[in-house]
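Written out below as structure tokens is the structure these notes cover.
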Amino acid sequence: MGMFVTILFIAGENAGAGILALPNAFDQAGWWSLPLLAMCAFDAGISGILIGKCWLILEERWSEFRGDCRYPYPAIGKMAYGNWMRGVVTACLQITLFGASTVILLLCSELISQFFQTYFHLPFGLWILIIGLALCPFMWLGSPGEMWLAAAAALATTSVAVVLILIDVVKDYEDLTTSAPVTKPTLTGISLAFGTFIFCFGGTAAFPTFQNDMKDKSKFTMSVIIGFVALLALYLPTAILGYLTYGKDVKDNIISTIPDGIKKSAAILLLSWHLFFAFIIVINGAVQEIENKLNIPNAFGWKRVIVRTLSTIGVIFIGETIPRFGKILNLMGGSSVTMLAYILPPLFYMKLCSMKNESWPERKVSVWEKIYYYKIIIVGVIGGIICSYSAVSDIVKPGAITSPCYIDFNCSNE
């Protein structure tokens with residue numbers, strides 16, 4: 001696929017669940033949110049570029065990576081640090097991509113439930129099952145190169161939905177007579193917000209899979225830059241205006257905060273479609289790694305259908321067990337997403353550049369580059385620990401987690 005399609009995948013995969021949680025994250029951290037969001041965006045962009053350069057190094061040095069590869073990120077880890085690192089990367093990938101897919105499924109189910117609630121009522125647990133089963137046949141598609149229309153649709157639906165949301169938010173802002181009351185920032189609130197910001201730019205786990213399907217892989221750097229600029233164009237207006245308008249009254253999902261009406265209904269429907277397409281894109285890398293482990297052919301067949309159907313059932317089960325998507329979002333942002341999006345890319349790049357062989361072109365990393373890369377790693381580690389601790393503390397609070405939906409089908413996601 002070309003650079004334009006790759007941009008669609010990068011922006012389409014990242015936008016969605018995170019954008020709806022940003023106004024609430026801004027309320028938790030106050031105006032500290034702006035430098036935190038900017039830092040996460042810049043660092044994640046640099047890391048995305050570095051993981052792309054890592055793959056180019058693999059192709060340059062080892063001929064076995066010059067064709068199609070179904071496990072590019074674990075392969076980078078293996079060639080940098082050995083088989084043990086491949087195992088670490090694989091574990092992080094499975095946790096991140098299956099976790100992100102669960103978040104997407106829950107949010108999609110929540111939005112569909114809101115859309116149809118004026119017509120008829122179904123328990124939230126049933127919506128999770130319905131949406132999950134509807135996604136199952138689309139899971140049988142192959143690599144990103146076969147699903148570029150899904151990427152285009154994911155970004156287009158999000159962009160239109162954001163415009164519709166902002167129209168309502170601006171109207172509410174103009175009706176304000178006084179400033180909206182806001183939450184006083186605390187260390188816990190800032191930590192939880194940081195987890196959300198990390199998640200918003202944490203799609204690096206799938207980047208090597210996207211790059212591997214490109215015709216000219218050297219153009220991946222520009223794809224990342226343009227993709228992240230597009231993300232900021234969507235994120236900043238929604239986050240700032242939502243925070244200024246609703247303050248501490250904004251919910252985990254801003255859609256639940258804006259007034260009812262045609263625009264809200266249309267935005268819900270569009271975002272539901274976005275999440276539907278994003279689910280297919282996000283989980284693809286995880287199932288490709290499973291198929292590679294099981295030596296399943298890279299072509300449509302009954303083995304692929306079974307593996308991907310079971311994977312979908314697994315995501316449905318996780319969603320039915322933990323129906324509050326906001327709690328998962330914060331925990332994931334501080335744990336496996338941090339590893340894949342911020343810590344491992346600069347670590348792998350510096351390691352690969354330090355390796356020497358007479359037949360390899362020499363690659364040097366300047367002192368200033370190393371300082372900045374280590375800064376990304378250190379901030380990622382510290383932020384990840386703080387976010388994980390705060391998220392776990394939030395999860396174990398009384399009443400924070402509802403009963404699983406298979407115990408109570410009327411389970412709550414709020």
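For the sequence shown, full-length UniProt numbering begins at 1 and goes up steadily by one.
Yeah, the Cβ is synthetic: ideal placement off N, Cα and C, and Gly gets one too.
Check, Outcome
"Taking the alpha carbon of R61 as the reference point, which residue from E358, V381, S393 and V367 has its own alpha carbon closest?", "E358"
"Please report the distance separating the alpha-carbon of G30 from that of E362.", "46 Å"
"Would you call the segment 62-76 in contact with the segment 233-247, where contact means no fewer than 3 C-beta pairs closer than 8 Å?", "no"
"Rounded to whole angstroms, what is the Cα-Cα separation between K364 and M222?", "21 Å"
"Is T209 helix, strand or coil by DSSP?", "helix"
"Extract the residue ranges of the alpha helix (DSSP H) inside the segment 297-361, only unbroken runs of 4 or more that lie entirely within it.", "302-321, 325-334 and 344-354"
"Any idea what DSSP makes of M79, helix, strand or coil?", "helix"
"Leaving out five residues before and five after Q28 in sequence, what residues of the same chain have Cβ atoms less than 6 Å from its Cβ?", "G189, L192 and A193"
"Please give the ranges of any alpha helix (DSSP H) in the segment 129-196, keeping only runs that are unbroken, at least 4 residues long and fully inside the region.", "148-174"
"Can you give me the C-alpha to C-alpha distance between N24 and M79, rounded to a whole angstrom?", "41 Å"
"Mind checking whether S311 and I280 have CB atoms under 8 Å apart?", "no"
"Do you know offhand how far S265's Cα is from L20's?", "15 Å"
"Is residue 485 buried or exposed, if buried means 16 or more other CB atoms sit within 10 Å of its CB?", "In the structure as shown, the chain begins at 1 and stops at 414. Residue 485 is therefore absent and cannot be evaluated."
"Going by CA-CA distance only, name the one from M139, W32, I7 and I128 that's closest to D408.", "I128"
"In angstroms, rounded to a whole number, what distance separates the CA positions of Y372 and C40?", "14 Å"
"Please confirm whether I51 and P208 have their CB atoms less than 8 Å apart.", "yes"
"Tell me which residues share the same chain as P345 and place their Cβ nearer than 6 Å to its Cβ, disregarding the 5 neighbours each side in the sequence.", "S47, L50 and I51"
"Quick check: the segment 98-117 against the segment 339-356, are at least 3 beta-carbon pairs closer than 8 Å?", "no"
"Measuring alpha carbon to alpha carbon, tell me which residue in T158, V305, L22 and K293 is nearest A75.", "K293"
"For K184, count neighbouring Cβ atoms within 10 angstroms of its own Cβ and tell me buried if that reaches 16, exposed if not.", "exposed"
"So which of L22, K263, G18 and Y81 has the shortest CA-CA distance to M350?", "Y81"
"F199 and V337 look like a contact to me (Cβ under 8 Å); what is the Cβ gap, rounded to whole Å?", "6 Å"
"Using the Cα positions of C92 and L149, report the straight-line distance between them to the nearest angstrom.", "28 Å"
"Over the uninterrupted alpha helix (DSSP H) stretch that includes V224, give me the two end residues.", "F220 to Y246"
"How long is the line joining the alpha carbons of I130 and K370, rounded to whole angstroms?", "49 Å"
"Leaving out five residues on either side along the sequence, give the residues of the same chain with a beta carbon under 6 Å from the beta carbon of A152.", "L8"
"Is the segment 371-391 touching the segment 240-259, taking contact as three or more C-beta pairs under 8 Å?", "no"
"Give a yes or no on whether the C-beta atoms belonging to C387 and G195 are separated by under 8 Å.", "yes"
"Quick check: the Cα distance between L58 and V89, rounded to an integer number of angstroms?", "16 Å"
"Between F120 and chain D, is there a C-beta pair that is closer than 8 Å?", "Looking at the structure shown, chain D is missing, and only one protein chain is on hand."
"At 4 residues or longer, and completely inside the segment 56-112: list those alpha helix (DSSP H) runs for me, N to C.", "72-81"
"Compute the Euclidean distance between the alpha carbons of A15 and L352, then round it to the nearest angstrom.", "31 Å"
"If I'm right that I343 touches L97 with Cβ under 8 Å, what's the distance once you round it to whole angstroms?", "That belief does not hold up - the Cβ atoms of I343 and L97 are roughly 17 Å apart, past 8 Å."
"For Y73, does the count of other Cβ atoms within 10 angstroms reach 16, so buried, or fall short, so exposed?", "buried"
"Just tell me which of K217, A205, K263 and G87 has its CA closest to the CA of M339.", "A205"
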